[in-house]
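Peer 1: Chains as they are written, first to last, in our numbering: chain A, 1 to 361; chain B, 1001 to 1336.
Backbone N, C-alpha and C define an ideal beta-carbon position, used for all residues, glycine too.
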Amino acid sequence: MSLLQSTQFRPDPSATTARRAFIRAWPDFQNPAAWLVALILIIMPLIASGFFLIEIFATTLILGIIALSLMFLAGYGGMVSLMQLTIAGFAGYMVAVFGVSGNANISLGWPWWLATPMALALATLFGTLGGALAVRTEGIYTIMITLAIGAAFYYFTNQNWAIFNGHTGINTVATPHFWGVDWRADIAFYYVTLGIAAICYFAVQYVSRAPFGLALQGVRDNSRRMAALGFNPNAHRIAAYAFAAFIAGLGGVLQVWNYRQISPGSVSVGACIDILIIAVVGGITRPIGPFIGAFIFVLLRTFALDVLIKFGLDGNRFRLLIGLGFLAIVFWSSDGVIGLWERWRRHHVSSAKRTGGGRHG
Amino acid sequence: MARFIERHPAWALIAIIAIAVVLWLVFAIWPPGLEAAIGRKRVFLNAVLNGITLGGLYFLVASGFTLIFGLMRNVNLAHGSLYLFGGYIGYAISTWTGSWILSFIVAFIVVALVGVILQLAVFRRMEGQDLRQTMVTIGLSIVFADLMLWVFGGDFYQIQTPAWLIGPIQLPLLTAIKSSGEPVYLQYPLVRLVIFAASVVIGVAMWLALNRTRIGMIVRAGVDDRDILAATGVRIQLVFVLVFALGAGLAGIAGVVGGTFQSLSPGEDTRFLLASLVVVIVGGMGSIPGAALGAVIIGLAEQLGSVYIPTYAIVVTFLIMVLVLALRPQGLLARR
């Protein structure tokens, strides 16, 4: 009925409401900075060399996708899961096991268009089962249980030779070739990664505003009240784990295509914690945070060695730097780099207003 | 006990049968058919004893972890780092002075001091913010791990066992009877038994301190409701510092123990952090008897698993955790 009214009598306000709703759903389309970033990312292959394209930007996007799945769980669901990298690693292993690789005795040799969906489905199942375990307890316990799952998977891949090939892992994993394009070539792979990262980013943003995402945020804020309203908090949480597992699985597939090999080192406890660091440093309240965090992390990891040596320090102390930076962020900003930036901007705006007000007065 | 039998007669029967089977496996001489099916009795007994003594070590690490968690709701993910740090301190002291006992004392004191500093300088500032505290402990574990790697390098260290503890002793457990009719008894390293006995003593002492002393009463009250405890006039910050020091010190002692019958290297911190996480999840968070039970279960599962199903040993540990979470999410011996 409201539709009828608006189309017949007040066409203009309805258009603006629709537009406002559109802007509320997709705030990035209204932000000139977002358009600029998107443009730069799209023309990046013209600017950057192959090294930067893959080692910096593609790696950033892949780590960002995995951290995005953690951000979704932590930011909207209030569940800090340390097993997101484990799910990604599981997806990577499954690509290597079902697809083609140098370890012919393990790999089943399926074509990539069959192996990849299979890997994603299994990774989603794995994440959902892990989530179903983790939601049996709440809050701080989630970290412990998901860390235990991640560590158990790491030790399992180290011990198991039949499927995961022990500590040597699986090497020379085949990457997709079709339509006459080698999709692992630098530029093509960059665009694949960028496309998937964009899809994941907008998917998370969409879900966060969809009824499911709003209910999930309600569960985060007050699960007993949501239960009283007739929602099933645990079902929402498990569904969130499933969605996040799918995103993490996408990241894992990209990661195994990027490195063309996977070994227990890729799913170690330290790597799981790196994902948490990335998400927290970037900020876990918005989907853009993990990508910013991943960019900082990758820059530090790549260049800390040279910078430290330039300052006459020991270049091997990269992890010390990461740890101290992480501690500083946790100490001073509850919302990572985004939080720091917003605080700085608010401070800036308010001081500008004050000076402006002074001039008028 | 009697009440349990009355309430769950079926479970009690199963438990009694299980205990009888285990006792028979330990004390009887195995018939040849059984030895053919699952291997020598000596291997089995060694695995059981290794599991129980490993459980003693796990208990030392996990009891500090669970104590800190129970009172302060602080999931100290740097606990593994404290363990490894204690081990390195113990190694340095024992090579420097040659005294094994002294290395325990110094490791306890130094690591407890680190715990006091952490509680005063870091965790006190963010009381009640569970998630932030946990994040800080993650950051600290990264920093500690890298600092220790810097100082001690990536080598393996082993703390020298003192001369009076070296060598096996004969246990009154029959493993087989020779064809000449002569009984063969089990030989087992003395040091592991001594360490296990020490961890039992520490566990009993902790239980007594918690249940029979005034300080213990305060700590137990704090585990139940720290706000009301603070409101009754107890200097709760002091209690927090003491408990943190004790928990950290126990991790330090455990480091020396682990350095004696295993070895110290980077990565051990994560291993023992995982072990204490699983032990505490299985046994019940914040419960000392739960930590003891969980430690023995996990130690046995790890050792028996690595003997009888080598590739899936870690899965057994993990399955136990999953089962406990599915059936009793609060842990086996937790009240809530």
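In whole angstroms, give me the CA-to-CA distance for B/Ser1094 and B/Thr1260.
Peer 2: If I take the Cα positions, the gap works out to 11 angstroms.
Peer 1: Pick out whichever of B/Ile1320, B/Ala1047 and B/Val1106 has its Cα sitting closest to the Cα of B/Ala1248.
Peer 2: Ranking B/Ile1320, B/Ala1047 and B/Val1106 by Cα distance to B/Ala1248 puts B/Val1106 first.
Peer 1: Please confirm if B/Val1322 has its CB atom under 8 angstroms from at least one CB of chain A.
Peer 2: Yes, its Cβ sits closer than 8 angstroms to a Cβ of chain A.
Peer 1: According to the neighbour-count rule (16 or more other Cβ atoms, all chains shown, within 10 Å of its Cβ), is A/Arg237 buried or exposed?
Peer 2: The residue in question, A/Arg237, is buried, as its Cβ has 16 or more Cβ neighbours within 10 Å.
Peer 1: Do A/Ile65 and A/Cys200 have their CB atoms nearer than 8 angstroms?
Peer 2: For A/Ile65 and A/Cys200, yes; Cβs fall inside 8 angstroms.
Peer 1: Kindly identify the DSSP beta-bridge partner or partners of A/Phe331.
Peer 2: Bridge partners of A/Phe331: none, in fact.
Peer 1: Relative to the C-alpha of B/Thr1270, which candidate in B/Ile1142, B/Leu1045 and B/Arg1220 has its C-alpha closest?
Peer 2: For the residues B/Ile1142, B/Leu1045 and B/Arg1220, the minimum Cα distance to B/Thr1270 belongs to B/Ile1142.
Peer 1: Measuring alpha carbon to alpha carbon, tell me which of A/Gly131, A/Leu254, A/Ala239 and A/Leu300 ends up nearest A/Asp274.
Peer 2: The shortest C-alpha separation from A/Asp274 is found at A/Leu300.
Peer 1: Using C-beta distances below 7 angstroms, list every residue in its chain close to B/Ala1251, excluding the 5 sequence neighbours before and after it, in chain order.
Peer 2: These residues qualify, in order along the chain: Val1061, Gly1064, His1079, Leu1082, Tyr1083, Gly1086 and Val1111.
Peer 1: Identify each residue in the region 92-103 of chain A for which the Cβ-Cβ distance to at least one residue of chain B is less than 7 angstroms, and report them in chain order.
Peer 2: Within the region 92-103 of chain A, no residue qualifies.
Peer 1: List, in order along the chain, the chain B residues whose C-beta lies closer than 9 angstroms to that of A/Arg346?
Peer 2: Per Cβ cutoff of 9 angstroms: no residues; A/Arg346 is ~22 angstroms from chain B at best.
Peer 1: Return no unless some Cβ of chain B is closer than 8 angstroms to the Cβ of A/Thr128.
Peer 2: Output row for A/Thr128: interface = no.
Peer 1: Quick one: what's got a C-beta closer than 7 angstroms to A/Val100's C-beta in the same chain, skipping five residues either side?
Peer 2: The residues are Ser107, Gly109 and Ala174.
Peer 1: Below 8 angstroms on the Cβ atoms is my guess for B/Tyr1188 versus B/Ser1263; work out the distance and round it to an integer in Å.
Peer 2: The pair is not a contact, with the Cβ atoms about 20 angstroms apart (cut-off 8 angstroms).
Peer 1: Going by the CB atoms, is the gap between A/Gly336 and A/Ile284 shorter than 8 angstroms?
Peer 2: Yes, the pair counts as a contact, with Cβ atoms nearer than the cut-off.
Peer 1: Identify whether B/Phe1261 lies in helix, strand or coil by the three-state DSSP scheme.
Peer 2: DSSP places B/Phe1261 in helix when its eight states are reduced to three.
Peer 1: For a test of the three-state rule: what should DSSP assign to B/His1008, helix, strand or coil?
Peer 2: In the structure shown, B/His1008 sits in coil (DSSP, three-state: anything other than H, G, I, E or B).
Peer 1: Please confirm whether A/Ala279 and A/Gly270 have their CB atoms less than 8 angstroms apart.
Peer 2: No, the pair does not count as a contact, with Cβ atoms beyond the cut-off.
Peer 1: Count the other CB atoms within 10 Å of the CB of B/Arg1003; is the residue buried (16 or more) or exposed (fewer)?
Peer 2: It counts as exposed.
Peer 1: Starting from the C-beta of B/Gly1216, find all residues in its chain whose C-beta is less than 6 angstroms away, skip the five residues before and the five after it, and write them out in chain order.
Peer 2: Here the set comprises Ala1209 and Leu1210.
Peer 1: Counting C-beta neighbours from all protein chains within 10 Å, is the total for A/Ile292 16 or more, i.e. buried, or is it exposed?
Peer 2: That one is buried.
Peer 1: For the 8 angstroms Cβ check, are there 3 or more pairs between the region 255-270 of chain A and the region 207-227 of chain A?
Peer 2: Judged by Cβ distances under 8 angstroms, the region 255-270 of chain A makes no contact with the region 207-227 of chain A, as fewer than three pairs qualify.
Peer 1: Give the secondary structure of B/Gln1129 by DSSP, where H, G and I count as helix, E and B as strand, and everything else as coil.
Peer 2: B/Gln1129: coil per DSSP, three-state reduction.
Peer 1: Determine the chain A residues that contact B/Ala1313 at a beta-carbon separation under 8 angstroms, and present them in chain order.
Peer 2: Under the 8 angstroms cutoff, chain A gives Gln159.
Peer 1: Return the first residue and the last residue of the alpha helix (DSSP H) that A/Tyr155 is part of.
Peer 2: Its alpha helix (DSSP H) spans residues Ile140 to Gln159.
Peer 1: Within a Cβ cutoff of 8 angstroms, which residues of the same chain sit near B/Ser1199, ignoring the five residues on either side of it in sequence?
Peer 2: Excluding positions up to five away in sequence, the list reads Gly1056, Leu1057, Phe1059, Leu1060 and Val1257.
Peer 1: Out of curiosity, what's the CA-to-CA distance linking A/His347 and A/Ala304?
Peer 2: Taking the straight line joining both Cα atoms gives about 31 angstroms.
Peer 1: Let's test the definition: count the other Cβ atoms within 10 Å of the Cβ of B/Leu1013 and tell me whether it reaches 16, buried, or not, exposed.
Peer 2: When all chains shown are included, B/Leu1013 counts as exposed.
Peer 1: According to the neighbour-count rule (16 or more other Cβ atoms, all chains shown, within 10 Å of its Cβ), is B/Asn1076 buried or exposed?
Peer 2: Buried, by the Cβ-count rule.
Peer 1: Below 7 angstroms on C-beta distance, what does B/Met1135 contact in chain A?
Peer 2: Val280 and Val330, listed in chain order.
Peer 1: Kindly list the residues whose CB is nearer than 6 angstroms to the CB of B/Ala1295, restricted to its own chain and excluding five residues on each side of it in sequence; keep chain order.
Peer 2: For B/Ala1295, where only same-chain residues beyond five positions count, the Cβ hits under 6 angstroms are Gly1055, Tyr1058, Phe1059, Ala1062 and Val1279.
Peer 1: Please classify B/Gln1158: does DSSP put it in a helix, a strand, or coil?
Peer 2: In the structure shown, B/Gln1158 sits in coil (DSSP, three-state: anything other than H, G, I, E or B).
Peer 1: Measure the alpha-carbon distance for A/Ile187 versus A/Ala58 and round it to whole angstroms.
Peer 2: Approximately 10 angstroms between the Cα atoms of the pair.
Peer 1: Cα separation between A/Thr302 and A/Val95?
Peer 2: Near 27 angstroms, if we compare the C-alpha coordinates of A/Val95 and A/Thr302.
Peer 1: Between the C-alpha atoms of B/His1008 and B/Ala1015, what's the straight-line distance to the nearest angstrom?
Peer 2: B/His1008 and B/Ala1015: Cα-Cα distance of roughly 11 angstroms.
Peer 1: Starting from the C-beta of A/Leu321, find all residues in its chain whose C-beta is less than 7 angstroms away, skip the five residues before and the five after it, and write them out in chain order.
Peer 2: Cβ neighbours of A/Leu321 beyond the five flanking positions: Leu300 and Ala304.
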